[in-house]
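Asks:
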Amino acid sequence: YHGYLVSTGRMRGSADLKVKLHDIVAVTVIVQEAGGWVSDLDGMPIFPLQREFPYYVDAPVPFFAGDPVTGPDLLKALFPDGTPDGTFGE
20 YHGYLVSTGR MRGSADLKVK LHDIVAVTVI VQEAGGWVSD LDGMPIFPLQ REFPYYVDAP
80 VPFFAGDPVT GPDLLKALFP DGTPDGTFGE
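Counting in the working numbering, the sequence shown runs from 20 upward without gaps.
Below, the structure written as structure tokens:
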């Protein structure tokens with residue numbers, strides 16, 4: 020739902036630490052097609068995947084979706100040190 024709000028401009032950004040890969044694939048397409056920006060919590064693109072697919076099976080994939088103007092600054096304000104320890108690949 021938050022991805023929808025970001026894609027329609029009703030939210031500046033949204034972060035989630037505990038979603039699975041299959042939960043964010045469609046959200047990523049929707050947000051990017053609407054002109055938004057999607058990344059991991061370090062500001063790096065999630066797609067294409069940087070690791071072998073089995074790594075992502077049942078592992079949380081923290082992500083951020085936002086508008087391209089304020090999204091990067093909002094991400095830095097929320098997560099100044101990037102991905103919190105212990106949230107990726109628990």
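Think of the CB as a built atom: it goes at the ideal place given N, C-alpha and C, for glycine as much as any other residue.
For clarity, every value in this text was computed on a predicted model and none was experimentally measured.
Determine the contact status of Phe83 and Asp100, defining contact as a CB-CB distance below 9 Å.
Replies: Translated into positions along the sequence shown, residue 83 becomes position 64. Translated into positions along the sequence shown, residue 100 becomes position 81. Not in contact: Phe83 and Asp100 (Cβ atoms no closer than 9 Å).
Asks: Sorted by chain position, which residues of the same chain lie with C-beta nearer than 6 Å to Gly90's C-beta, five sequence neighbours on each side aside?
Replies: As a working note, residue 90 is residue 71 in the sequence shown. Around Gly90: Gly32 and Trp56.
Asks: Val57 bridges to which residues according to DSSP?
Replies: For the purposes of this step, residue 57 is identified with residue 38 of the sequence shown, where counting begins at 1. Val57 is bridged to Ala84.
Asks: Can you tell me whether Pro81 is buried or exposed? The criterion is at least 16 other CB atoms within 10 Å of its CB, across all chains shown.
Replies: Numbered from its first residue, the sequence shown carries residue 81 at position 62. Label assigned to Pro81: buried.
Asks: Helix, strand or coil: which one does DSSP assign to Gly101?
Replies: By one-based count along the sequence shown, residue 101 stands at place 82. Residue state, collapsed to three classes: coil.
Asks: Residues bridged to Gly90 by DSSP?
Replies: Position 71 of the sequence shown holds residue 90. DSSP lists no partner for Gly90.
Asks: Looking at chain C, is there any beta carbon in it that lies within less than 9 Å of the beta carbon of Val25?
Replies: Looking for chain C here will not work: only one protein chain is present.
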